Structures are given as C-alpha cells and as structure tokens.
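Asker: Add 1005 to a position in the sequence shown, counting from 1, and you land on the number used in this note's numbering. Cβ atoms here follow ideal geometry from the backbone N, Cα and C, with glycine treated the same way. All of these numbers come straight from a predicted model, not from anything done at the bench.
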Amino acid sequence: MANKSQEKQQQGNMPNAHLHELLVDELKDILGAERQLLQGLKKLSKAAKSEKLKAAFDTHYEQTEGHIERLKTVFSSLGLAARGKKCKAMEGLLAEAEEIIEEFQDSPEVLDAALIVAAQKVEHYEIASYGCVVTFAELMGHDEVKEVLGQTLAEEKETDELLTTIALSEANVPAE
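#1: Report yes if the C-beta distance between residue 1184 and residue 1161 is below 8 Å; otherwise report no.
#2: Taking C-beta to C-beta, are residue 1042 and residue 1115 nearer than 8 Å?
#3: Output yes or no for whether 8 Å exceeds the beta carbon distance between residue 1052 and residue 1110.
#4: Would residue 1158 and residue 1117 be called neighbours here (beta carbons separated by less than 8 Å)?
#5: Pull up the distance between the alpha-carbon of residue 1168 and that of residue 1061, whole angstroms please.
#6: To the nearest angstrom, how far is the alpha carbon of residue 1092 from that of residue 1102?
#7: Exposed or buried, residue 1097, counting other C-beta atoms within 10 Å across all chains shown (16 or more means buried)?
#8: Compute the beta-carbon to beta-carbon distance between residue 1121 and residue 1172, rounded to the nearest angstrom, for a pair I have assumed lies under 8 Å.
#9: For residue 1066 and residue 1046, which I take to be in contact (beta-carbon distance under 8 Å), what is that distance rounded to the nearest angstrom?
#10: Do residue 1149 and residue 1082 have their CB atoms nearer than 8 Å?
#11: How about residue 1027 and residue 1076: are their beta carbons less than 8 Å apart?
#12: Measuring alpha carbon to alpha carbon, tell me which residue in 1119, 1090, 1113, 1094 is nearest residue 1104.
#13: Quick check on this structure: which residue in 1073, 1088, 1029, 1113 has the alpha carbon closest to the alpha carbon of residue 1056?
#14: Please report the straight-line C-alpha distance between residue 1131 and residue 1054, rounded to a whole angstrom.
#15: Near residue 1072, what residues of its chain come up, given a Cβ to Cβ distance below 6 Å and the 5 sequence neighbours on each side ignored?
#16: Beta-carbon separation of residue 1153 and residue 1078 under 8 Å?
#17: Could you give the residue range of the alpha helix (DSSP H) that holds residue 1146?
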C-alpha cells in the first residue's frame, strides 16, 4: 500500500485531484449505506402486502448485493481496501421505515403506500450519492469507476421508477 506522500504524488497527476479524499469518503459512506440497506430491504419485503412490492424489494436486495460487489471493484481499482463507514443518513431512513411499518401494520390499505414512501426516500438518497461520485469520477478521469458506478446509478433510478409504477397501479389507488 502506498504511503501518504506517494498517494499525494499520484493524486497530483490526476485531474481534479483535490476531489480524491471526498470521492473516497463518499464511497465509504455509500458502501456502508448499501450494507445497512440489505437488512432494511428484508424488513420492507416482509412487511409488504402486495406481491409486486415484495418482488420489487426482493429484486432490489439482489441488486444491492451487486452494488456492494461493484463498490469493492471500485475501491480495488483505486488501490484502496473496501472499507465502509456507518452511514448516518441511511440509518435514519431505515429507522423511519421501521416506524412506518409499526405505525401502519394494522392498516393494510395504507401500509404498502407508506412502505413505498420509505423506500423512495432511500432511493433518492442513493441516487444523489451515486450521482455525485459518478461526477467526481468523471472529473478526475476515472473512466472505469465512472462506468461501474454509472451502472448502479441507472439501477437505482429504475428501482425508483418501479416503485412509482407500483404506487400508481396498486398502493395509491382508492380502496374498494
């Protein structure tokens, strides 16, 4: 592993090297967030009443495992160990999701809509996070990192769109 002065020298040769520490910090945050999300998705899936919504949460669980693998690849390509840190934002979003489950578990006509609200808040956080690191990677000339993280960003956007579709077709419609 390179020492600090070697790392600084290598950074000095890349465009926008001043963003390196921020990129790495954000990657650690996202890795921590994705790991935390795995537990949250299990709870969301278990609580969901709609089979489509359960399937969406289960699919996103599998995608999230892939996101973690991609992040490990990104860390490796940057010459770093894949170490996450506790993501306080994800912790708060998942705590809110648990509150929603408790609050609406006896109201099945509302529960799925509430779960979608919680899940979309998570997706929007992830979209913002991945959008930033993709931009940093592009500015720094890390084309492979940009491409790998861009795949994840696209999947996060697709999940958000799927949740909206489920909300409009099932969860946010008048009860019969």
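Answerer: Reading off the structure:
#1: Residue 1184 lies beyond the residue range present for the chain, which begins at 1006 and ends at 1181; the question has no answer from this structure.
#2: no
#3: yes
#4: no
#5: 8 Å
#6: 15 Å
#7: exposed
#8: 5 Å
#9: 4 Å
#10: yes
#11: no
#12: 1119
#13: 1113
#14: 25 Å
#15: 1039, 1157
#16: yes
#17: Per DSSP, residue 1146 belongs to no alpha helix (DSSP H) and is neither H nor E.
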